[in-house]
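Student: So this note's numbering is basically just the index in the sequence shown, starting at one, shifted up by 5.
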Amino acid sequence: NFKMESPGGLVDVTAKCNGGKVTQIRVTNVPSFAGDIGVSLEVEGIGSLTVDTAYGGDSFVVVNSEDLGLDITPDNAKQLVEVGMSITQAANEQLKFVHPTNEG
6 NFKMESPGGL VDVTAKCNGG KVTQIRVTNV PSFAGDIGVS LEVEGIGSLT VDTAYGGDSF
66 VVVNSEDLGL DITPDNAKQL VEVGMSITQA ANEQLKFVHP TNEG
């Protein structure tokens, strides 16, 4: 057993061993929370998106890839990264991320 430090807090890790080899790992992550559901986000070059926000060790914006007109495939990787960065920038400017139990 040990605790692993992560950006979101301490994560508990338990390893089961047999014959000198790890056979099972159990990770108890920091609590996760839904934030805003169905909020509007204006993204430059994309337009208005309906998104959800969440917290699970970090802040996340959840968007339906169909709303972007992109399939999640290796061929679209570069464009997905670029769109993701635009969404992140817009979210940081327009949305408020608040952890429900740690507002500091």
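Each residue gets a CB set at the ideal place from its N, CA and C atoms; glycine is no exception.
So for D17, helix, strand or coil by DSSP?
Tutor: Three-state result, D17: strand.
Student: To which residues does DSSP link G54 through a beta bridge?
Tutor: Here residue 54 is Leu; the residue named in the question, Gly, does not match the sequence. L46, per the DSSP bridge assignment.
Student: Could you tell me whether the segment 11-31 touches the segment 43-52, where touching means 3 or more Cβ pairs closer than 8 Å?
Tutor: The segment 11-31 vs the segment 43-52: no contact.
Student: Out of D17, E71, F7, I42, which has the shortest C-alpha to C-alpha gap to A59?
Tutor: If we check each option's Cα against that of A59, I42 comes out closest.
Student: Looking only at DSSP bridge pairs, what is I30 linked to?
Tutor: In the DSSP output, where bridge partners are listed per residue, I30 has A20.
Student: Whose C-alpha, out of E98, V68, V103, is nearest the C-alpha of V88?
Tutor: Residue V68 is the option with its Cα nearest to V88.
Student: Taking the beta strand (DSSP E) that V67 belongs to, which residues open and close that run?
Tutor: Note, V67: beta strand (DSSP E), 64-67.
Student: Suppose the cutoff is 6 Å on Cβ atoms and the five residues either side in sequence are ignored; what does the same chain contact list for F65 look like?
Tutor: Same-chain partners within the cutoff: A59.
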